[in-house]
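Have a look at the structure below before the remarks.
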Amino acid sequence: MTCRPAAQFVVITEVRANVGMAVDDVVVEEQLLTIGVFARRSRLSLRALRLYDHLGLLSPAVVDPDTGYRRYRDDQLFTARLIVGLRRLDMPLSDVARVLSGPREVGVEVLEEYWAAVERRLAFQRGLAERLGESLRGGQTRFPAFTVLEREVPETILLSEIKAVDLPALRATVTGAIARLTRRAADHGGAVGGPMVFFHGEVNEDSDGPVEVGIPVRTASAATRREPAQLQAYVTVTRAQWEWPQILSAYDAVEEWIRQHQRTGVGAAREVYRVGIDPVAAEPAEEVCDVAVPIVAARR
136 MTCRPAAQFV
146 VITEVRANVG
156 MAVDDVVVEE
166 QLLTIGVFAR
176 RSRLSLRALR
186 LYDHLGLLSP
196 AVVDPDTGYR
206 RYRDDQLFTA
216 RLIVGLRRLD
226 MPLSDVARVL
236 SGPREVGVEV
246 LEEYWAAVER
256 RLAFQRGLAE
266 RLGESLRGGQ
276 TRFPAFTVLE
286 REVPETILLS
296 EIKAVDLPAL
306 RATVTGAIAR
316 LTRRAADHGG
326 AVGGPMVFFH
336 GEVNEDSDGP
346 VEVGIPVRTA
356 SAATRREPAQ
366 LQAYVTVTRA
376 QWEWPQILSA
386 YDAVEEWIRQ
396 HQRTGVGAAR
406 EVYRVGIDPV
416 AAEPAEEVCD
426 VAVPIVAARR
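For the sequence shown, the working numbering begins at 136 and goes up steadily by one.
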């Protein structure tokens with residue numbers, strides 16, 4: 136029995152020569168690592184290597200067509216160790232792909248944007264943990280400074296879509312629905328207000344809503360519904376406060392105001408967006424939406 140070296144081996148690819156081919160064109164030599172050695176040196180499991188190959192993140196340099204053996208180049212260790220580091224930051228594989236697919240300066244931008252979002256999320260979660268601790272100790276729960284106001288909202292004709300959606304898919308689902316509904320609004324006299332996102336249930340790691348996305352339109356049809364006239368308690372949210380999970384503080388502030396003022400919420404919480412404002416591109420201090428909850432009017 137012939138044993139292959141543990142660390143590396145020499146692949147000799149024979150190319151059948153056509154008439155006139157030089158001898159140097161016939162044999163190509165390259166030093167490659169077995170998948171086991173590459174796994175140990177990269178600190179990735181065999182399962183992870185197969186997954187990253189399937190996703191196109193890190194494909195073997197050579198796959199034997201007869202045996203299926205995978206071989207890697209030594210210089211692929213940089214990519215493998217980069218993936219290891221990014222995953223230790225809990226970076227989603229979709230973002231890892233963005234880091235790897237473009238020039239290095241683009242990868243740096245993706246990494247910096249991702250980590251800035253992580254720090255914002257951690258800051259929110261730190262504050263939330265402190266508020267929940269105060270509540271458990273019997274103290275009064277504090278919320279970030281939001282000014283809760285009331286307003287009367289007239290009946291609205293709404294062209295909408297409703298769908299169960301999990302948290303990772305929420306933004307893409309809402310963005311896609313707004314684009315579709317905006318196009319369809321032309322058949323209903325055009326849009327007469329900014330997009331609305333209704334949360335008929337929680338959207339988090341354990342719950343999938345459902346979520347309804349709507350565009351206020353001028354004329355009704357079988358495809359529209361009527362949102363009744365109502366009194367709302369609401370807060371205005373800036374771009375800096377809009378990112379998840381920071382925006383949850385706005386919902387908490389409205390709910391706490393309702394409780395403290397002994398009012399009753401009577402409908403789905405919703406985000407009402409400004410006309411012509413793209414929240415993603417807005418400046419940090421720019422107002423992008425209101426978080427609102429329909430309430431029962433106070434007794435006289």
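We treat Cβ as the ideally placed atom computed from N, Cα and C, and that holds for glycine.
Judged by their CB atoms, Leu168 and Arg206 are nearer to each other than the 8 Å cut-off. For Glu406, the pairing in a beta bridge is given by DSSP as Val332, Val426.
In this structure, the straight-line span from the alpha carbon of Gly203 to that of Arg233 is close to 28 Å. Ranked by how close their Cα comes to the Cα of Arg394, the residues Arg360, Val283, Ile297 have Val283 in first place. By the criterion of at least three beta-carbon pairs nearer than 8 Å, the region 246-254 is not in contact with the region 320-336. Taking 8 Å as the upper bound for CB-CB distance, Glu406 and Val426 are in contact here, some 6 Å apart.
Leu179 counts as buried, since at least 16 other C-beta atoms from the protein chains shown sit within 10 angstroms of its C-beta.
Ranked by Cα distance from Val348, the first of Gly220, Leu293, Leu246, Ala416 is Leu293.
Rounded to whole angstroms, the separation of the alpha carbons of Ser236 and Gln381 is 30 Å. In the three-state DSSP reduction, Asp343 falls in the strand class (E or B). Residue ranges of uninterrupted beta strand (DSSP E) with 3 or more members, entirely inside the region 193-278 and ordered along the chain, are 205-207. By alpha-carbon distance to Ala326, the top candidate from Ile313, Gly336, His335, Val338 is Ile313. Sorting Pro330, Ala355, Ala307 by C-alpha distance to the C-alpha of Thr317 places Pro330 at the top. Under the three-state reduction of DSSP output, Gly171 falls in the helix class. Across the structure, Gly411 and Val423 are spaced so that their CA atoms are roughly 10 Å apart. Beta-bridge partners of Gly349 (DSSP): Ser295, Met331.
Between Pro429 and Leu366 a beta carbon distance of about 7 Å is seen, short of the 8 Å cut, so the two are scored as contacting. Membership of Ala368 in the beta strand (DSSP E) is indicated by the continuous run 365-373. Cα atoms of Gly402 and Ala215: separation of roughly 50 Å, rounded to the nearest angstrom.
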